[in-house]
Each structure stands twice: as structure tokens, then as C-alpha cells.
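Read through the structure below, which is laid out as C-alpha cells, and then see the notes.
There are 2 protein chains.
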Amino acid sequence: MNEKHTPLSQLGEFALIKELTQDFKLQQESTIKGVGDDAAVMDYKDMQTVLSTDLLIEGIHFDLSYCPLKHLGYKAVVVNLSDIYAMNAEPKQITVSIAVSNRFSVEALKELYEGIKLACEFYQVDLVGGDTTSSLKGLIISVTAIGQGKKDELVYRNGAQVGDFICVSGDLGAAYMGLQLLNREKQVFLENPNMQPQLGEHQFLVGKQLKPEARKDIVAYLKEYNIKPSAMIDVSDGLSSELLHLCTQSNVGCLIYEANVPVHNDTYNQSLEFNIDPITCALSGGEDYELLFTLSPEEEAKLNTEEIDIAVIGKIVEKDKSCLLQSRANHLHKLTAQGWNSFKE
Amino acid sequence: MNEKHTPLSQLGEFALIKELTQDFKLQQESTIKGVGDDAAVMDYKDMQTVLSTDLLIEGIHFDLSYCPLKHLGYKAVVVNLSDIYAMNAEPKQITVSIAVSNRFSVEALKELYEGIKLACEFYQVDLVGGDTTSSLKGLIISVTAIGQGKKDELVYRNGAQVGDFICVSGDLGAAYMGLQLLNREKQVFLENPNMQPQLGEHQFLVGKQLKPEARKDIVAYLKEYNIKPSAMIDVSDGLSSELLHLCTQSNVGCLIYEANVPVHNDTYNQSLEFNIDPITCALSGGEDYELLFTLSPEEEAKLNTEEIDIAVIGKIVEKDKSCLLQSRANHLHKLTAQGWNSFKE
Numbered sequence: 000m001n002e003k004h005t006p007l008s009q010l011g012e013f014a015l016i017k018e019l020t021q022d023f024k025l026q027q028e029s030t031i032k033g034v035g036d037d038a039a040v041m042d043y044k045d046m047q048t049v050l051s052t053d054l055l056i057e058g059i060h061f062d063l064s065y066c067p068l069k070h071l072g073y074k075a076v077v078v079n080l081s082d083i084y085a086m087n088a089e090p091k092q093i094t095v096s097i098a099v100s101n102r103f104s105v106e107a108l109k110e111l112y113e114g115i116k117l118a119c120e121f122y123q124v125d126l127v128g129g130d131t132t133s134s135l136k137g138l139i140i141s142v143t144a145i146g147q148g149k150k151d152e153l154v155y156r157n158g159a160q161v162g163d164f165i166c167v168s169g170d171l172g173a174a175y176m177g178l179q180l181l182n183r184e185k186q187v188f189l190e191n192p193n194m195q196p197q198l199g200e201h202q203f204l205v206g207k208q209l210k211p212e213a214r215k216d217i218v219a220y221l222k223e224y225n226i227k228p229s230a231m232i233d234v235s236d237g238l239s240s241e242l243l244h245l246c247t248q249s250n251v252g253c254l255i256y257e258a259n260v261p262v263h264n265d266t267y268n269q270s271l272e273f274n275i276d277p278i279t280c281a282l283s284g285g286e287d288y289e290l291l292f293t294l295s296p297e298e299e300a301k302l303n304t305e306e307i308d309i310a311v312i313g314k315i316v317e318k319d320k321s322c323l324l325q326s327r328a329n330h331l332h333k334l335t336a337q338g339w340n341s342f343k344e
Numbered sequence: 000m001n002e003k004h005t006p007l008s009q010l011g012e013f014a015l016i017k018e019l020t021q022d023f024k025l026q027q028e029s030t031i032k033g034v035g036d037d038a039a040v041m042d043y044k045d046m047q048t049v050l051s052t053d054l055l056i057e058g059i060h061f062d063l064s065y066c067p068l069k070h071l072g073y074k075a076v077v078v079n080l081s082d083i084y085a086m087n088a089e090p091k092q093i094t095v096s097i098a099v100s101n102r103f104s105v106e107a108l109k110e111l112y113e114g115i116k117l118a119c120e121f122y123q124v125d126l127v128g129g130d131t132t133s134s135l136k137g138l139i140i141s142v143t144a145i146g147q148g149k150k151d152e153l154v155y156r157n158g159a160q161v162g163d164f165i166c167v168s169g170d171l172g173a174a175y176m177g178l179q180l181l182n183r184e185k186q187v188f189l190e191n192p193n194m195q196p197q198l199g200e201h202q203f204l205v206g207k208q209l210k211p212e213a214r215k216d217i218v219a220y221l222k223e224y225n226i227k228p229s230a231m232i233d234v235s236d237g238l239s240s241e242l243l244h245l246c247t248q249s250n251v252g253c254l255i256y257e258a259n260v261p262v263h264n265d266t267y268n269q270s271l272e273f274n275i276d277p278i279t280c281a282l283s284g285g286e287d288y289e290l291l292f293t294l295s296p297e298e299e300a301k302l303n304t305e306e307i308d309i310a311v312i313g314k315i316v317e318k319d320k321s322c323l324l325q326s327r328a329n330h331l332h333k334l335t336a337q338g339w340n341s342f343k344e
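Now the structure itself:
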């Protein structure tokens, strides 16, 4: 992080906004007006507009003791874009609002915006607005993403049909294992501040937690091969929770096979070390930001799983057959949403 | 407020969202999909999309000791819609994200959403998404509004020309006086909890603070009479600050006349009681949510100020003539932005 510590009070709100956003270049043809007026203006012509928003609170969604501000800025954007991709749409613009307490310096916020800028560049989205204010405590980030898609290309959660195949991109549970590792190292550090965190060997898992990516490539792949999912959702709260959302909204049931659920070797080994069943990480872990979608048999036939990291993990069944997981030992377990609930006591 | 106090932990996140949003009816033809998928979907056809966002923090932007939750919900929406109207556009959809600590009950949040719903109904906008999470401390509200307008009807801040008339709707400074009254009564109450607040006689000023309206009617009036402003901004931080924004972005100066700045009788009398110059309330008070705009002489000629509460307060001049206020005593004062700065120490 930068060595200077300019107090926020030294800049006014408008000077701060300018300082943070002046290096952002507009990249999208549809962006008519970005930061600096009462509102941003976009022109989508005949496309449908897609909108998603997230609110991230320090101490609830992130811990600055191990999450660098630059990574946080990147991740705050990515988790929002993931929702747009899950509509089979393309994100085009974002707004970012932040509230910060006086303990943050201008330089710290510039680190945060450096990460936001990296995400904007990588995903080719324009920062077009936001709000910058103070908080009584901690850092609060609100991100809204706008995307567009053709009417007949958008994919909702409610289109899954009996007989469809259930697919998921990448692998699951790694971000959760990364979080467990970070928490463990934080405890070690709190007990013995001279001990340096040992995270080098866990780069994959920690990276999945601190710097996740939205699966832009999966959406591009599906488009390239003219494959249209019948339903899609991004995996933010764990596979179970998302499958239940998709099935409830589509009015169907599902059967997935434990043996088919993609779990990375590092996730597998680390979860055993933590005495957690690897499938539990995948089902309930959360923050994977992979895409979960269903394909009709005709669409599934176009899929070449050798070419892209998409796994077929099960199928859609009648609603009265419920939502089940068939274990490696061929037992059937009912899926339950143990996803993240921030209101749990 | 409702008598029941259901703890948030009793409902999960999804049940809470359902509980809060199930009574909202979609009203806009352009709303294809509201709450309940990864993202909302809107179809604007050949209109341009306009987007604005605000982040409101308890203890910074509002004080729940005198702001009823229902009013707060209403105001949170209105301040955002005001930005859309300031583009000469029509708001169509909003997203509302909230973060709350455990001290809030489900019933308290329903009060908040009751106010949001009233605003949605009055301004005919659809609630199409949001995020609901917990906070470590206090209530946080993030509102994003989306609107639309025809390309040649949108009005930016940067279009004011030398010779244009400067106009403002309604009257200024009342919301600030309302805030001063609420603060005074709060102090009285804190010192003597048996003393009931005496706000009845100050209904106008307190109402302007607690339940402001966005000037939808002004935008409709301008459209009806085919009057197109050259530049427009909403007055949220006080007339001075907004005039300076408008002039800076338009690369012009301005001259306004104290005698022409509309100040309500109640505001005038109350400010004298508080030993504040009434013009100071108007220039620096903030939270008026009136519209400040410029009209070319041809457009101004179409305006009938007998019909609508629009005042012509001055004119746009060359940039090198600066931004000036001519006092009733014919002295010239340079306008300075003493608008609200949440980072001030």
C-alpha cells in the first residue's frame, strides 16, 4: 500500500470522487454519460437491460485484516458481474458507492479503486456513477451492474424442464476452503503476531477466496457453440442453495451425483485436513461464482466437456421426486439450503 | 409502528426479502423481470437509460430518533428519483439494498418498506431488485433508480449558455430549517425526556425535511409547454453548491438576485428566530430537492410563472464574471460551496 496517508477530511466529497474516478476510461459504446451529472446515461437501442446490485459490509462480507483493499475492490465488482453473466447477458456499466469511516485515508481508497479499475478493464465495463460518503464505522460498498442481452438470449432461473441436464462450470468449494485457511492464519497471527501467515502453498484456495473471477468465458463459450441454457444461476451461496432456487422457480426437482460434482484436488485435500467432507464444501461453501445451468438434451449434445471446464452433474426430474444427491455409496440425500444467512444468530 | 417484534434471525434472507417485497406490484411496461432472479430485466426499446444511485447511512444521513422508518423509506426513494427528474427523464425502476443490525425487527423493516412502497406508487416506479444483509451497526440503505428519456429530451448540467435565465422550482431552505427544528426538539427531549416535542406549528418545515417530494410536476409542466432547459440539476446540497456545479460544467458564470430567490414565509421567520440569515438557508441549506435549471430567452418566454411555482432568479454570464449573488442592498457576493461535506471534521 502507498506510504502517504491523506485524511479524507482534507479533500471534499467532490474532490475525492474526482481523485478516485479520474483514471477510469469509458470503454462501452452504450455509455453516453458517466460520472459527473445527476445520473448516468446509457443507450441500449433494441437490447434488454439487465440490472443487479450488491451491498458489502466490513465485518460481515469481508475482513480487511486479510483482504487487501485492491482485491476487495476487484471482488466487489466481480460478484456483481457474475449475476449479469448468470442471465446470459453482458455487463456494460457499473456504479460503485462507498461509505467510509475516518480511519481510511485517501490512499487506502485509491487502492480500493485500483482493484475496481482492474475489474473494469478486464471485464470491459464502464464505471458510470456512485455515491461517496462517510460511515460511522467501517467500510461499506454498494455495487450495481447493468448489462444487456437480446430478448431471446436471456436465461432466467425458471426455465428448467424435466429431462434437462444440470451443468456447473469450474469446481466448487475452493473459495470456502480459502476462507477457512485465512481464518486459521488470522487466529495464529492474533495469538502470535510475530508468526507470518503461511499461505504460499495454498495459493489456489486463497486466490479463489480473495480474487474470484466471473465466468465471462463460459457465457462466451455457450454463445460460440450456440448453446442456450434453459435456466441459469450463479453459485454464490453454495450448490445446494442455488439448485433449490432454480428448481423451486422452475417448479421441478433434481437428482445430482456426488461423483460428478467437480471438486479441485486442493479443495479435497484441504477439506479432509479440516475434517470437513469435501462434498459439504461444494454443496454449502459459497462464493464460488461458478455458473449452474440446465441444458435440454439437444443443447447438451452440442457441449464438448473436453474443451471447457463444464461438468454435467445430474438431471432435472419431476417436482414430486424432490431435490436429491446420490452419494458415491449410492445413498440418496435430500438437498438442504445451508447457504450463508447473515441474519443467523 | 406495529406491536410485534419478530427478530430478523427468525426469517432467513430469502424469506425476509419475500416478506418485504411481496406486496409491491409492477407498474411499468418496461419491467420484464423484477425481484427474484440473478438480475432484473428491463426493455426500453429506443429510449436512453438514465441511472442514479445513493447510499444513506444511519447517523450520517438520518437520525432514527426523529425520522420515522416509513418516512425514511419514502425519502430514500424520492432523493434518488429527484436525480432522474433532473435529467428531464422519467424514473421507471428502482433497486433498494439494506443492511441492518439485529436491533431491527422484521416489523420495523416492513415499516421502512411501507414508505418505499408509497413512493413507488406515487411516482409509478417498480422495485425490481436489491440486496438484504446484516450490518454490524445501524441501518444502511442503498437506492439505485433507473429512468428513461428520449435522446433529444435529456438535459445535462453542461448546457447553460451566456444569456440564459436561471430558474428554480418551489422554495429553498425549508428542509434545512426543518432539520434545525428537529435537532432542537431532540436536544430538549434528551435533556428532559418527559417533554413532548412541539412540532405541530412547524408542520411545513418539518414536513419538507422528513417527507420531501421530487419535482415530477415541474418536469411534466416543462414537457407540456414544450419548454426545454439548457441545463438542469437538482438542489440537494444548497443553491450555491448546485449553481457552481452547473456553471463549472457549462463553463460559464452567473449572477443571481437575492430578492428573487424563493424563500417560504415559515423558512424566513424561523431562520430569523435561529439567528440565521434566510438567504444563507437557501444558499447552503440542502435537501430541498427542487430543480435548478437554465432557459434560453426563447424558452423562458413560454414560461408562465403565475401558473407554476418556478422563479427566475438570475442569468448566466461569461465565465470570467464569476458566480455572484446581488444582495437586496445591491452588494455583490461571490458564491461559495458550503454544501454538505460528510468528511468535514
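Chains P and V are the protein sequences, given in the same order. Note that numbering that gives the first Met the number 0 numbers the first sequence so that position 91 is 90, with each residue one more than the last. Note that numbering that gives the first Met the number 0 numbers the second sequence so that position 230 is 229, with each residue one more than the last. Where a beta carbon is used, it is the ideal one built from N, C-alpha and C, also for glycine.
Determine the chain P residues that contact residue i at a beta-carbon separation under 7 Å, and present them in chain order.
| i | result |
| --- | --- |
| ALA107/V | Residues of chain P passing the Cβ test: none, with the nearest at roughly 13 Å. |
| GLY128/V | LEU50, SER51, THR52 |
Where residue i and residue j are concerned, what is the direct C-alpha to C-alpha distance, given to the nearest angstrom?
| i | j | result |
| --- | --- | --- |
| ASP308/V | TYR112/V | 31 Å |
| GLU298/V | ALA328/V | 30 Å |
| SER295/V | PRO6/P | 43 Å |
| ASP130/P | CYS246/V | 21 Å |
| LEU221/V | ASP82/V | 16 Å |
| GLN325/V | LYS116/V | 43 Å |
| THR279/P | SER249/P | 24 Å |
| ALA310/V | LEU63/P | 50 Å |
| ASP37/V | ILE232/V | 33 Å |
| GLY172/V | LEU238/V | 9 Å |
| LYS69/V | SER100/V | 18 Å |
| ASP170/V | LEU302/V | 17 Å |
| ASN264/P | LYS207/P | 14 Å |
| LEU243/V | VAL105/V | 43 Å |
| ILE56/P | ASN268/V | 43 Å |
With a 10 Å radius around its C-beta and 16 neighbouring C-beta atoms as the bar for buried, classify residue i as buried or exposed.
| i | result |
| --- | --- |
| ASP151/V | exposed |
| PHE164/V | buried |
| LEU180/P | buried |
| GLU223/P | exposed |
| SER192/P | A quick correction: the sequence has Pro, not Ser, at residue 192/P. PRO192/P should be labelled exposed. |
| ASN79/P | buried |
| PHE273/P | exposed |
Does the beta carbon of residue i sit closer than 9 Å to a beta carbon anywhere in chain V?
| i | result |
| --- | --- |
| ASN1/P | With a pLDDT of 46 at ASN1/P, under the threshold of 50, the modelled position of that residue is not reliable, and no figure is offered here. |
| LEU238/P | no |
| LEU153/P | yes |
| MET176/P | no |
| ARG156/P | yes |
| THR94/P | yes |
| GLY169/P | no |
| THR132/P | yes |
| GLY11/P | yes |
| GLN248/P | yes |
Mind pulling the chain P residues with CB within less than 8 Å of residue i?
| i | result |
| --- | --- |
| THR48/V | VAL40, MET41, ASP42, TYR43, THR48, ILE145 |
For residue i, write down the residues that DSSP places opposite it in a beta bridge.
| i | result |
| --- | --- |
| ASP45/P | ASP45/P pairs with nothing; no bridge assigned. |
| VAL234/P | GLU289/P |
| LYS32/V | VAL40/V |
| GLY128/P | THR94/P |
| THR354/P | Given a span of 0 to 344 for chain P in the structure shown, any question on residue 354/P remains unanswerable. |
Starting from the beta carbon of residue i, find every residue of chain P whose beta carbon is closer than 9 Å, and list them in chain order.
| i | result |
| --- | --- |
| LEU135/V | ILE56, GLU57, GLY58, ILE59, LYS136, GLY137 |
| ILE315/V | Within 9 Å Cβ-Cβ: nothing; ILE315/V doesn't reach chain P, min ~18 Å. |
| ILE217/V | Simply none; closest approach about 14 Å. |
Just checking: is the beta-carbon of residue i within a distance shorter than 9 Å of some beta-carbon in chain P?
| i | result |
| --- | --- |
| ASP276/V | no |
| ALA281/V | no |
| ILE226/V | no |
| ILE309/V | no |
| ILE16/V | no |
| THR293/V | no |
| GLU344/V | With a pLDDT of only 44 at GLU344/V, under 50, the local geometry of the prediction cannot be trusted, and no value is derived from it. |
| ILE165/V | no |
In chain V, which residues lie with their C-beta within 7 Å of the C-beta of residue i?
| i | result |
| --- | --- |
| ALA85/P | ASP37 |
| ASP82/P | ASP37, ALA38 |
Residues of chain V with a CB under 8 Å from the CB of residue i: which are they?
| i | result |
| --- | --- |
| ALA98/P | LEU54, ILE56, ILE59, ILE139 |
| ASP233/P | ASP37 |
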